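Residue numbers (the working numbering): 62 to 682.
Glycine included, every Cβ here is placed at the ideal spot set by N, Cα and C.
On a predicted model such as this, the values are computed, not experimentally measured, just so you know.
Below you'll find the structure, written out as structure tokens, and then a few comments.
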């Protein structure tokens with residue numbers, strides 16, 4: 062595997078490929094990457110060192126020499142077992158020296174779209190069989206680049222350039238990803254459940270959940286599937302002579318009642334939802350404020366009461382009594398001279414009510430005009446809202462996170478300081494309330510109902526803004542779940558430790574976008590069939606979408622026969638037709654057809670055996 066990049070994503074991706082998938086990696090970085098980091102990272106490291114001292118004092122730890130995050134060397138140096146190569150730009154000479162002609166996959170994760178596209182075109186010419194993964198911000202351009210490079214690979218293979226490569230598992234595909242798109246599901250799941258170990262497939266978000274051990278001879282709810290039995294002595298580490306049992310069969314799960322389990326669950330939201338603004342009453346409620354609505358309701362009740370009183374006093378028809386009351390209310394009826402005293406008193410009361418009605422009607426007209434004027438721009442947070450997620454920042458990352466949260470039907474209130482932010486159009490289309498203002502100013506978070514929120518998700522591009530907003534929100538709500546995006550991994554770790562020490566009972570998560578995006582890029586380098594990976598202690602479970610046809614271990618076998626404990630397990634089958642999706646809880650008697658496409662969990666060795674990679678790896682190394 063070859064990784065080319067100029068920021069933290071390249072280092073994280075190389076570590077992911079080496080540590081999770083066990084691949085041989087060549088990392089190509091600019092010449093200054095090892096010694097000179099971007100200024101924002103330098104500032105983050107200074108803050109990281111300061112926060113490390115704070116957390117040491119808060120936790121009462123002394124004499125540890127600053128821990129593992131105080132020095133810049135570990136982040137600057139490449140992971141162990143990764144070959145480091147320096148090149149000013151990924152030109153043809155640099156790619157050839159990195160071994161692109163012999164590589165299985167190449168990732169181009171430079172921060173500049175043009176650099177990635179130029180290098181991809183060169184790499185495809187050097188090696189038509191190469192699997193390409195590009196980082197592009199322009200999604201529409203990315204679709205065209207995918208089609209262009211895939212067509213070039215197909216033509217080159219048809220001309221004989223890759224004649225021997227069309228064996229089992231051959232995949233010279235091109236995948237274009239954005240770190241914003243890949244990090245958004247994990248950020249959304251973290252705000253909802255507190256974990257970023259999520260898997261996105263078939264329109265669903267799935268997470269791995271660790272459950273405590275059940276009684277002997279009994280088994281807990283397996284969720285969608287039981288993925289692993291953790292070590293019997295220590296579920297948080299390798300502890301003891303016996304390690305985790307990956308993909309256990311039913312008998313192992315039943316007999317392992319004293320061991321914690323890792324199960325697969327769907328990420329869902331069951332709390333209150335935002336009103337959609339459809340129907341007569343929601344429209345009326347959005348048109349007028351609550352105080353004005355109560356005023357109008359009071360005036361209507363007053364008119365009805367006066368009409369009923371007139372009917373009872375004079376004995377006229379109820380409709381005529383209501384009509385005369387309205388005439389008196391608007392002062393267009395004749396004076397009740399010569400009428401009974403009761404009629405005259407009611408006419409005076411109606412005239413008084415009419416005087417009170419005039420300012421109410423004027424306020425209604427002015428408020429309705431203001432509502433119509435702003436209806437095409439932004440919505441305000443509804444009164445009484447609670448249990449929602451406050452999202453800070455509607456930039457590249459925030460817009461993707463907002464879309465993901467609304468797909469999960471999670472109520473969101475956004476806070477943005479830039480009235481021209483790219484995500485405001487998305488918020489308007491999704492009818493999501495937005496508070497325009499600087500989050501560091503007093504009153505902005507209060508306007509977003511932070512005191513009744515379920516979680517705060519700070520994803521602005523400024524680390525200091527995210528940190529300040531989180532600290533202020535914690536001052537308002539000490540138990541609030543907070544998730545903040547930080548640029549640097551070391552800074553994120555230091556912030557997490559400090560906030561956890563200061564608020565041990567609250568859920569705190571600090572995430573680097575490169576840390577969240579790297580698994581998706583690594584999975585794409587392994588092939589489009591790789592959906593993701595979950596760590597289980599010191600081992601890894603992979604998830605893949607595989608076509609049954611061409612795999613004798615699956616084709617023509619039942620789900621129960623295809624299951625190999627400790628190697629792979631079929632979890633779901635993709636359904637086609639009018640309602641495509643995933644069919645879970647497949648019966649063990651279901652026979653897998655050649656036309657089926659299934660989602661399975663597997664160990665690294667099991668997936669390599671299933672996809673036939675062992676022979677190719679031995680032949681190429």
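Proximity below 8 Å, CB of residue i to CB of residue j
{"i": "residue 560", "j": "residue 629", "result": "no"}
{"i": "residue 191", "j": "residue 168", "result": "no"}
{"i": "residue 273", "j": "residue 311", "result": "no"}
{"i": "residue 237", "j": "residue 203", "result": "yes"}
{"i": "residue 558", "j": "residue 519", "result": "no"}
{"i": "residue 367", "j": "residue 410", "result": "yes"}
{"i": "residue 143", "j": "residue 92", "result": "no"}
{"i": "residue 216", "j": "residue 181", "result": "no"}
{"i": "residue 733", "j": "residue 568", "result": "Because the chain spans 62 through 682 in this model, residue 733 falls outside it and cannot be assessed."}
{"i": "residue 440", "j": "residue 496", "result": "no"}
{"i": "residue 392", "j": "residue 415", "result": "yes"}
{"i": "residue 534", "j": "residue 511", "result": "yes"}
{"i": "residue 9", "j": "residue 455", "result": "Here the chain covers residues 62 to 682 and nothing more, so residue 9 does not appear."}
{"i": "residue 476", "j": "residue 514", "result": "no"}
{"i": "residue 606", "j": "residue 592", "result": "yes"}
{"i": "residue 544", "j": "residue 251", "result": "yes"}
{"i": "residue 162", "j": "residue 145", "result": "no"}
{"i": "residue 323", "j": "residue 271", "result": "yes"}
{"i": "residue 386", "j": "residue 373", "result": "no"}
{"i": "residue 664", "j": "residue 611", "result": "no"}
{"i": "residue 73", "j": "residue 562", "result": "no"}
{"i": "residue 646", "j": "residue 609", "result": "no"}
{"i": "residue 285", "j": "residue 305", "result": "no"}
{"i": "residue 517", "j": "residue 541", "result": "yes"}
{"i": "residue 575", "j": "residue 70", "result": "yes"}
{"i": "residue 269", "j": "residue 288", "result": "yes"}
{"i": "residue 632", "j": "residue 661", "result": "yes"}
{"i": "residue 177", "j": "residue 196", "result": "yes"}
According to DSSP, residues forming a beta bridge with residue i
{"i": "residue 235", "result": "193"}
{"i": "residue 571", "result": "545"}
{"i": "residue 494", "result": "440"}
{"i": "residue 327", "result": "267"}
{"i": "residue 158", "result": "None; residue 158 has no bridge partner."}
{"i": "residue 596", "result": "601"}
{"i": "residue 591", "result": "605"}
{"i": "residue 146", "result": "89"}
{"i": "residue 630", "result": "662"}
{"i": "residue 426", "result": "Answer is none; residue 426 lacks a bridge partner."}
{"i": "residue 307", "result": "289"}
{"i": "residue 642", "result": "636"}
{"i": "residue 453", "result": "476 and 519"}
{"i": "residue 63", "result": "87 and 167"}
{"i": "residue 668", "result": "Beta-bridge pairing links residue 668 to no other residue."}
Exposure label - residue i; buried when at least 16 CB within 10 Å
{"i": "residue 571", "result": "buried"}
{"i": "residue 602", "result": "buried"}
{"i": "residue 111", "result": "In this prediction, residue 111 scores a pLDDT of 37, lower than 50, which makes its location untrustworthy; the coordinate-derived value is nonetheless stated afterwards. With fewer than 16 Cβ atoms within 10 Å of its Cβ, residue 111 is classed as exposed."}
{"i": "residue 406", "result": "exposed"}
{"i": "residue 114", "result": "Any reading at residue 114 is ruled out, since the residue's pLDDT is 37, under 50, leaving its predicted position unreliable."}
{"i": "residue 408", "result": "buried"}
{"i": "residue 521", "result": "buried"}
{"i": "residue 79", "result": "buried"}
{"i": "residue 420", "result": "exposed"}
{"i": "residue 64", "result": "buried"}
{"i": "residue 261", "result": "buried"}
{"i": "residue 62", "result": "buried"}
{"i": "residue 401", "result": "exposed"}
{"i": "residue 87", "result": "buried"}
{"i": "residue 151", "result": "buried"}
{"i": "residue 449", "result": "buried"}
{"i": "residue 486", "result": "exposed"}
(message) Counting beta carbon pairs with one atom in the region 547 to 555 and one in the region 451 to 464, are three or more of them shorter than 8 Å?
(response) Segments in contact, no.
(request) Note down, one range per segment and in chain order, each alpha helix (DSSP H) of at least 4 residues found wholly within the region 456 to 533. (result) Correct list: 457 to 468, 485 to 490 and 505 to 508.
(request) Say whether the region 586 to 593 touches the region 614 to 625, bearing in mind that this needs 3 or more beta-carbon pairs closer than 8 Å, one atom from each stretch. (result) Judged by Cβ distances under 8 Å, the region 586 to 593 makes no contact with the region 614 to 625, as fewer than three pairs qualify.
(message) Does the contact criterion of 3 or more C-beta pairs under 8 Å hold for the region 350 to 359 versus the region 485 to 505?
(response) Not touching, per the Cβ criterion.
(request) Can you check the region 362 to 415 for any alpha helix (DSSP H) of at least 4 residues that lies completely inside it and give the ranges in chain order? (result) At a cut-off of 4 residues, the continuous stretches assigned as alpha helix (DSSP H) that sit fully inside the region 362 to 415 are 379 to 390.
(message) Is it the case that the region 354 to 366 contacts the region 418 to 426, given that we only count it when at least three CB pairs across the two stretches are under 8 Å?
(response) In short, these stretches touch, since the Cβ pair count reaches three.
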